[in-house]
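Working notes for the structure below.
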C-alpha cells in the first residue's frame, strides 16, 4: 500500500508540475530522464512486490 500511495503522489506531482514545464520547454532533457527513471523504478518495485504477494498469498 505504501508503494502504491508513493506512486500515486509521484504521478500526481509529475503530471501537475513537471509535465507542463516540459511542454513549455522549461525543463531539461536530463531532468525529464531522471524523473521518468525514478517513476519507472518505483513501478518496477510495485509490480515486484505485487508478484511476491501473489506467490506467497
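Numbering (the working numbering), first residue to last: 267 to 323.
Virtual Cβ for every residue (Gly too), placed ideally from N, Cα, C.
Selected residue, minimal CA-CA separation from residue i, among the options
i           : options       : result
residue 303 : 267, 271, 277 : 277
residue 267 : 322, 295, 316 : 316
Under the three-state DSSP convention, the category residue i falls into
i           : result
residue 294 : coil
residue 267 : coil
8 angstroms Cβ shell around residue i - same chain, five flanking residues per side excluded
i           : result
residue 312 : 269, 270, 273
residue 301 : 280, 284
residue 258 : As displayed, the chain neither begins before 267 nor continues past 323, which places residue 258 out of reach and without an answer.
Close Cβ partners of residue i (< 7 angstroms) along its chain, the five nearest in sequence each way excluded
i           : result
residue 287 : 293
residue 298 : 288
Cβ neighbours of residue i in the same chain (closer than 6 angstroms, five flanking residues each side left out)
i           : result
residue 308 : 273
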